[in-house]
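K.L.:
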Amino acid sequence: MSTEAWLSLTTAVISLGAASALAATVAEKPGAVASGLHASVISIQHLGETQATGRLLITNQSKQTVDLTNALIEFATPYRVLEVSGSFFPISMPDRRVLVSERIGGQYNNQLVLAFSENQKLQTELHPGSTLSLMLKFESKAKLGQSSAKATIFLSDKDQQVSYQHGQLLFRAPKAPGPEVKGMPAVVTVKGAGDFEKRVAVDWGQKFILDQLPYGEYTVHTEQVGDFPGMVEQSIRLSNRKSAAVVKIKYDEPVYTTAIQLVTPAEVVDRSDSLIAYIQDATHGEHPKQLQLQWAKAQQLNNLVVGHRYRLWFNPVKRWPFQYKPSASVEKPFEFTASKEAVQQYNLTFQQSLQPTGELAVATQVTGLPFGAKATLTLHPVAGGEPVTRKLSVGQDSLTNVEPGEYWLTASDYIYQGKIYRATLSSAKLNLNHHESARVHVEYAENNKLVFAGSKWRIKQGSVKGGRWAPENVFVDQRGRLHLVLEYQNGQWLAAGIESVDNFSSGQLQIKTVAQARNLLANGQFSVSLQNQDKNSGLGFTMGCASHCQDTTNGVMTHYWLQQKAQVESKQSVYNWQASRLTHSINWNQNGVLFETKKGHSQRGLITLSQQYLPAALAKKNAFPLQLMLTPQPSTQSKGRKVEIIINSIISAPPFE
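Count along the sequence shown from 1, then add 836; that gives the number in the numbering used here.
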């Protein structure tokens, strides 16, 4: 490899392959980049399915000699480094090579310390133009993929050497403090800087050495064995002046334990919640411990220290509209002193509250919104009445003080930085009672993809608002209905269509229209189309004003025409149009369907399109030529109108014979 080719590795991102390299930089001290000293990892090759090898090169390209005494080399690799080997020529073999390889994110961060003894005359200098080559052995469980990393060398001067040297702790275990613990080892926990923590087990009367510990402060905690508690924590500092320390494991006098028997009643109500108990060691001021108990059973709570004072309490049981309070509550706990003489017993009882509490909780989980956002969830009683509205935080939350019953659920939209997030509920209907846990998952997503009638839909190209539907005008509500909100502004309908990702083959299209007479504008027109992904099949319709619109006196009544505007294969009346539940009767004639509504009132109806020759038409036509006309009679010319079409479902139906 030429010098020019090697230099390119220090500045470019290299793809890892069967023989590849990692970019590298070099620093004399943490945070300072050195001049002339470069490091790189090259020639990574696989050995079978689980291992790979590579080379770590350190080259002095400066004109000055560099001392590598206690150098700390940090480099990132796609695999864990198992071993560093080699002759270390042209420098001497280090006294110790300390290697730590940890996974962080999608790569492994490696630290290699070249530790030399201070009392030996060793060759630790790398002369100008010299290269130190080391062999790396990796644990590789997958083929090499695209990756990049860098290596950094920290060089220590006389004041910095202590930061990169290591020491050791020697643990000495005593003889077993009692015959009952002879089969158990002595266990200590060692904690150091950062997240360093290691648990060490030593047999009785034996020694154990914990080596390669970076200099610094350590605490040693001896765990209790049987009834024998460990002595207080020991603090130890390792440095270049004291690189080793002896830790004697000691135990205190034995601590004897006892138990208390808890007798629980039968369930206070049918299908009660879990019975939760809390016990706290008041003598040591420990945090309460939580226990789950069974109803109608005598249970024993063990490991209570003799002579210690304890507090015991239970959670209340809530069953709307009442609450059942325990005889030992957090406000008035049962207090006792653990005694070795006899096992104590506590009989738990519950008492019903005199006044209804009205409390009932619903666990919620909100995902998909930015951190700190609040979602609004509304519960609409199916039986009627005032809806219940609650603000929910992102993540896990709960609704409280809700009466039992059946509710329709809706979640509000959320607008953030110009983006509209719409919610999908795990269930559109909630049956809230005391016998089942109630949970609701509210998942938000940006309004650029729709899921409707088992198919995925995307917004189709339009002529306004940046060439697309405005997100607030196309959405699927929590009940699974597709909404198309069509606005008329300054002589244009702000609408285009939606495009199906899946094949729209055969079926029945139900369209529920919700519109006010004053919100329809004559001489305006909009169209909606459903197409498959290949754009070779689908259906569409157009709504607009027809020339034969008629108006009644003073515009009190407005007439609408729903028309079939095109033909399929020269056949008349290909589609059979039916409408029901409108304010006036509707009949099909040669012009279409005529219905009317009172001015200022909402017109709600269900219009069903039954197919006849749809499969054949879809197979032969690139654009399905079906158009519908919703034709309002003009009254006053207003600048803004709005029509909302709600598509309930697409239902499979056989072709008309």
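From the three backbone atoms N, C-alpha and C, an ideal C-beta is built for every residue, glycine too.
1) Comparing alpha-carbon positions, which option in I940, G965, T967 and Q1181 lies nearest A1095?
2) According to DSSP, what are the bridge partners of W1149?
3) Closest by CA to H819, which one among Q943, G1231 and S1071?
4) I need the DSSP call for E1177, collapsed to helix, strand or coil.
5) For A1259, which residues does DSSP report across the bridge?
6) Short of 6 angstroms in beta carbon distance, which residues of its chain neighbour S937, apart from the five on each side in sequence? Order them along the chain.
7) In the DSSP assignment, the beta strand (DSSP E) including G1231 goes from what residue to what residue?
8) For E1016, which residues in the same chain have their Cβ closer than 7 angstroms to its Cβ, ignoring the five residues on either side in sequence?
9) Can you tell me which residues form a DSSP beta bridge with D903?
10) Starting from the C-beta of K994, find all residues in its chain whose C-beta is less than 6 angstroms away, skip the five residues before and the five after it, and write them out in chain order.
11) What are the boundary residues of the beta strand (DSSP E) that W1500 is part of?
12) Just the Cα atoms here: how many angstroms apart are P1152 and T1203?
13) Would you kindly work out how many angstroms separate the C-alpha atoms of E1089 and G1066, rounded to a whole number?
14) Report the three-state DSSP secondary structure of V1017 (helix, strand or coil).
15) Tell me which same chain residues have a C-beta within less than 8 angstroms of the C-beta of A1080, skipping the five on either side of it?
16) To which residues of the same chain is F1064 closer than 6 angstroms at the C-beta, ignoring the five residues directly before and after it?
17) Using the beta-carbon count (16 or more within 10 Å), is D1233 buried or exposed?
18) Run the CB neighbour count on F974, radius 10 Å, all protein chains shown included, and call it buried at 16 or more, exposed below.
19) Can you give the Cα-Cα distance for K865 and R1145, rounded to whole angstroms?
20) Is M808 helix, strand or coil when you go by DSSP?
21) On the premise that N1076 lies in contact with Y1051, defined as a C-beta separation below 8 angstroms, what is that separation, rounded to the nearest angstrom?
22) Assign D1031 to one of three DSSP states: helix, strand, or coil.
23) Examine the Cβ distances between the region 1109-1120 and the region 1132-1147 and report whether three or more of them are shorter than 8 angstroms.
24) Are the region 1210-1229 and the region 1245-1257 touching by the rule of at least three beta carbon pairs closer than 8 angstroms?
25) Does the beta-carbon of Y1243 have 16 or more other beta-carbons within 10 angstroms, so that it is buried, or is it exposed?
26) Quick check: the Cα distance between E1239 and V1224, rounded to an integer number of angstroms?
27) Apply the 10 Å Cβ neighbour rule to G890 and answer buried if 16 or more other Cβ atoms are within range, or exposed otherwise.
28) Taking I894 and L968 to be in contact with their CB atoms under 8 angstroms, please state how far apart those CB atoms are, rounded to whole angstroms.
29) Within 10 angstroms of its Cβ, does N1237 collect 16 or more other Cβ (buried), or is it exposed?
30) According to the Cβ coordinates, are E1279 and A1259 closer than 8 angstroms?
31) In angstroms with no decimal places, state the Cα-to-Cα distance between E787 and L892.
32) Which first and last residues belong to the beta strand (DSSP E) in which D1047 is found?
33) Taking Cβ to Cβ, would you say S966 is nearer than 8 angstroms to P926?
34) Could you check if L950 is buried or exposed, using at least 16 other CB atoms within 10 Å of its CB as the buried criterion?
35) If we count the other Cβ atoms within 10 Å of its Cβ and call it buried at 16 or more, is P914 buried or exposed?
36) Could you check if I878 is buried or exposed, using at least 16 other CB atoms within 10 Å of its CB as the buried criterion?
P.N.:
Short version:
1) By 1-based counting over the sequence shown, the position of residue 1095 is 259. Its Cα nearest to that of A1095, the residue Q1181 stands out among I940, G965, T967 and Q1181.
2) Walking along the sequence shown from the start, residue 1149 turns up at place 313. Its beta-bridge partners are Y1114.
3) This structure cannot settle anything about residue 819, because the visible part of the chain is limited to 837 through 1493.
4) Here residue 1177 refers to the residue found at position 341 when the sequence shown is read from its first residue. The DSSP-derived three-state label of E1177 is coil.
5) Here residue 1259 refers to the residue found at position 423 when the sequence shown is read from its first residue. For A1259, which the question treats as bridged, DSSP gives the partners Y1280.
6) On the sequence shown, residue 937 is found 101 positions in, with the first residue counted as 1. A distance below 6 angstroms between beta-carbons, with the five flanking residues on each side excluded, links S937 to the following residues of its chain, in chain order: R916, V917, Y944 and N946.
7) One-based indexing of the sequence shown puts residue 1231 at position 395. Residues G1231 to L1235.
8) Counting from 1 along the sequence shown, the entry for residue 1016 is found at position 180. Taking E1016 as the centre and dropping the five residues before and after it, the same chain places the C-beta of G1062 closer than 7 angstroms to its C-beta, in chain order.
9) If you number the sequence shown from 1, residue 903 lands on position 67. Bridge partners of D903: E961.
10) Taking the sequence shown and counting its residues from 1, the one referred to as residue 994 is at position 158. With a pLDDT of only 40 at K994, under 50, the local geometry of the prediction cannot be trusted, and the value read off the model is given with reservation. The beta carbon of K994 sits closer than 6 angstroms to none of the beta carbons in its chain outside the five residues before and after it.
11) It is not possible to answer for residue 1500, since the shown part of the chain is limited to 837 through 1493.
12) The residue you call residue 1152 lines up with position 316 of the sequence shown. The residue you call residue 1203 lines up with position 367 of the sequence shown. Taken atom to atom, the span from the alpha-carbon of P1152 to that of T1203 is near 31 angstroms.
13) Here the question's residue 1089 lines up with position 253 in the sequence shown. Here the question's residue 1066 lines up with position 230 in the sequence shown. CA-CA distance, E1089 to G1066, rounds to 9 angstroms.
14) For this step, residue 1017 is matched to residue 181 along the sequence shown. Reduced to three states, the DSSP call for V1017 is helix.
15) As a first step, residue 1080 must be located in the sequence shown, where it is residue number 244. Within the same chain, A1080 has close Cβ partners G1003, Q1004, L1005, L1006 and L1074.
16) Counted from its first residue, the sequence shown places residue 1064 at position 228. Non-local beta-carbon contacts of F1064 in its own chain, meaning distances under 6 angstroms to residues more than five positions away in sequence, involve P1013, Y1087 and P1090 in chain order.
17) Walking along the sequence shown from the start, residue 1233 turns up at place 397. By the beta-carbon neighbour count (other beta carbons within 10 angstroms, threshold 16), D1233 is buried.
18) To locate residue 974, count along the sequence shown from 1; it is residue 138. By the neighbour-count definition (other C-beta atoms within 10 Å, threshold 16), F974 is a buried residue.
19) Taking the first residue of the sequence shown as 1, we reach residue 865 at position 29. Taking the first residue of the sequence shown as 1, we reach residue 1145 at position 309. Caution applies to K865, whose pLDDT of 35 falls short of 50 and renders its modelled position unreliable; the value that the coordinates give is listed next. Cα to Cα, the separation comes out at about 56 angstroms.
20) Not covered by the structure: residue 808. The range shown for the chain is 837 to 1493.
21) As a first step, residue 1051 is located in the sequence shown; it is residue number 215 there, counting from the start. As a first step, residue 1076 is located in the sequence shown; it is residue number 240 there, counting from the start. Under the criterion of beta carbons closer than 8 angstroms, Y1051 and N1076 qualify as touching, at roughly 7 angstroms.
22) On the sequence shown, position 195 is the one that residue 1031 refers to. Reduced to three states, the DSSP call for D1031 is coil.
23) Pairwise C-beta distances place the region 1109-1120 in contact with the region 1132-1147, as three or more of them are shorter than 8 angstroms.
24) In the pairwise beta carbon analysis, the region 1210-1229 is classified as touching the region 1245-1257: at least three pairs are separated by under 8 angstroms.
25) Numbered from 1 along the sequence shown, position 407 holds the residue referred to as residue 1243. Looking at its Cβ environment, which holds 16 or more other Cβ atoms inside 10 Å, Y1243 is buried.
26) Position 403 of the sequence shown holds residue 1239. Position 388 of the sequence shown holds residue 1224. Across the structure, E1239 and V1224 are spaced so that their CA atoms are roughly 10 angstroms apart.
27) Taking the sequence shown and counting its residues from 1, one reaches residue 890 at position 54. G890 is classed as buried because its beta carbon has at least 16 other beta carbons within 10 Å across all chains shown.
28) Within the sequence shown, numbered from 1, the residue matching residue 894 stands at position 58. Within the sequence shown, numbered from 1, the residue matching residue 968 stands at position 132. Here I894 really is in contact with L968; their C-beta atoms are around 4 angstroms apart, less than 8 angstroms.
29) The residue labelled residue 1237 in the question sits at position 401 within the sequence shown. The residue is exposed, with fewer than 16 neighbouring Cβ atoms inside 10 Å.
30) Locating residue 1279 in the sequence shown gives position 443, where the first residue counts as 1. Locating residue 1259 in the sequence shown gives position 423, where the first residue counts as 1. In terms of Cβ geometry, E1279 and A1259 form a close pair [threshold 8 angstroms].
31) Lying outside 837 to 1493, the shown extent of the chain, residue 787 is not represented and no answer is given.
32) Looking up residue 1047 in the sequence shown gives position 211. Its beta strand (DSSP E) spans residues K1043 to P1050.
33) Numbered from 1 along the sequence shown, position 130 holds the residue referred to as residue 966. Numbered from 1 along the sequence shown, position 90 holds the residue referred to as residue 926. Result yes, Cβ atoms of S966 and P926 sit closer than 8 angstroms.
34) Here residue 950 refers to the residue found at position 114 when the sequence shown is read from its first residue. By the neighbour-count rule (16 or more Cβ atoms within 10 Å), L950 is buried.
35) Sequence index remark: in the sequence shown, residue 914 carries index 78 (1-based). So P914 ends up on the buried side.
36) Within the sequence shown, residue 878 is the residue found at index 42, counting from 1. So I878 counts as buried.
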